[in-house]
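So the structure is just underneath, and the comments pick up after that.
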Amino acid sequence: MTDDNSKFTPRVFSGIQPSGGLTLGNYLGAIKRFVDMQEAGSHETIYCMVDLHAITVWQDPADLAKNTRELAAGYLASGIDPEKSILINQSQVPEHAQLGWIFNCVARMGWMKRMTQWKDKAGKNSENASLGLFGYPTLMAADILVYHATHVPVGEDQKQHLELTRDIAAKFNHDYGVDFFPITEPVIEGTATRIMSLRDGSKKMSKSDPSDMSRINLTDTADDIAKKFRKAKTDPEPLPETVDGLENRPEARNLVNIYAALSDQSADQVVAEFAGQQFGQFKPALVDLAVAKMGPIGDEMNRLMQDPAEIDRLLARGAERAREITAPILQQTYDIVGMVR
Ligand code: AQP
């Protein structure tokens with residue numbers, strides 16, 4: 389497998405499912421980093437609402453439409469600029485699904501069965517899970533490779549899917565004797581690659597967790613944020629002198645990581661600042677910080693959601709721009725595979 393992507397345009401792709409309201413985990417683990425990459429200007433940046441992925445588990449149609457527009461508002465309110473980045477809804481760019489089919493014929497059953505997200509989400513009832521849930525990672529590979537994306541910023545939970553994307557690109561290139569798809573690099577860095585539930589430090593913060601107290605939503609009010617952090621699970625120990633002292637204290641570690649990510653510091657710096665203090669002192673500081681950072685984003689989201697027609701117009705424009713990239717890449721793929729057109 390060659391990782392030489394020098395012949396490809398430096399290009400970032402990433403996506404989020406409109407499967408519920410956005411969480412602080414999505415913001416810190418994904419969107420905030422997407423904005424940083426957009427602003428760095430070293431790569432073209434393409435960000436997506438992956439609605440085709442969302443329906444791999446049941447979505448009420450009205451909720452899906454609402455959540456898609458809310459996610460678009462979340463991207464925009466957080467600083468994604470539709471002039472600097474391409475912002476799209478996956479189903480509006482049909483080449484994603486078309487390349488996804490080709491990749492269904494490249495990926496091997498054995499590879500797919502090893503995916504931990506499949507095992508977690510299908511659970512014991514896998515006979516009843518959708519075929520789409522099983523194929524989730526091949527569509528994700530297509531999302532990325534239909535742009536020849538070289539870099540994908542994601543949270544820790546998506547690492548295995550990125551490895552599969554690389555395997556699919558390498559197998560396609562090998563089977564057809566071409567050097568057509570890049571071997572995409574995952575970008576998993578920072579203190580926020582895995583923000584955990586506020587109720588259980590062993591579970592990731594998730595928009596589909598049945599308990600709303602487990603997460604901070606981007607649209608939460610200051611009162612909601614204060615209440616959720618106040619009730620967040622911790623332990624009776626004070627904050628340690630160094631991060632090593634947070635070992636085996638997952639809930640404490642999580643709150644420190646959240647503070648660090650929100651304040652653009654390292655966990656070491658946060659621990660140094662609060663060493664010896666109880667959570668009764670640390671939590672109010674965390675609430676103030678979170679309200680200061682998240683409040684304006686939530687307000688702007690609410691403002692943007694008042695005008696869904698404007699969001700739809702932006703997404704249609706994004707899809708048009710995206711297809712200038714995806715249509716030629718899909719046509720070349722079809723040529724390589726031997727499809728007559
Ligand atoms: N808790 C998290 N910490 C850090 N990063 C996270 N991400 C999600 N949760 C956390 C990152 O957000 C991006 C989009 O994820 P997604 O919405 O497509 O799917 P997900 O990872 O399955 O997110 P959820 O919130 O848990 O959704 P549901 O509940 O619908 O499954 C990814 O980059 C992910 O790493």
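With the first letter of the sequence shown counted as 1, position 86 gets the number 474 in our numbering; the numbers rise by one all the way through. For every residue, glycine included, the Cβ atom is placed at its ideal position computed from N, Cα and C.
Shown here, residue 539 sits in a strand according to DSSP, grouped into three states.
By the Cβ neighbour-count rule, residue 402 is buried, with 16 or more other Cβ atoms within 10 Å of its own. Distance from the CA of residue 624 to the CA of residue 667, rounded to the nearest whole angstrom, comes to 8 Å. Nearest to residue 621 by alpha-carbon distance, out of 715, 641 and 633, is 641. Looking at the DSSP output, residue 592 shares a beta bridge with 584. Taking 7 Å as the cut-off, the C-beta of residue 619 does not count as close to any heavy atom of the ligand AQP.
Non-local C-beta neighbours of residue 692 in its own chain, meaning closer than 7 Å and more than five positions away in sequence, comprise 461, 464, 465 and 699, ordered along the chain. Here residue 501 is exposed: its Cβ has fewer than 16 other Cβ atoms, across all protein chains shown, within 10 Å. Between the region 668-683 and the region 704-715 there are fewer than three inter-stretch CB-CB distances shorter than 8 Å, so the stretches are not counted as touching. Judged by DSSP in its simplified three-state form, residue 503 adopts coil rather than helix or strand. By the neighbour-count definition (other C-beta atoms within 10 Å, threshold 16), residue 727 is an exposed residue. For residue 477, the closest of 604, 453 and 498 by C-alpha to C-alpha distance is 453. Contact check for residue 482 against residue 442 fails: the beta carbons are separated by 8 Å or more. Cβ contact annotation for residue 530 (same chain, cutoff 6 Å, sequence separation greater than five): 484, 487, 488 and 491, in chain order. Apart from the 5 residues on each side of it in sequence, residue 722 sits with its Cβ closer than 7 Å to the Cβ of 729 in its chain, given in chain order. Secondary structure of residue 399 (DSSP, three-state): strand. The Cβ atoms of residue 710 and residue 543 do not sit closer than 8 Å to each other. Exposure of residue 663 is indicated by the presence of fewer than 16 other C-beta atoms within 10 angstroms of its C-beta.
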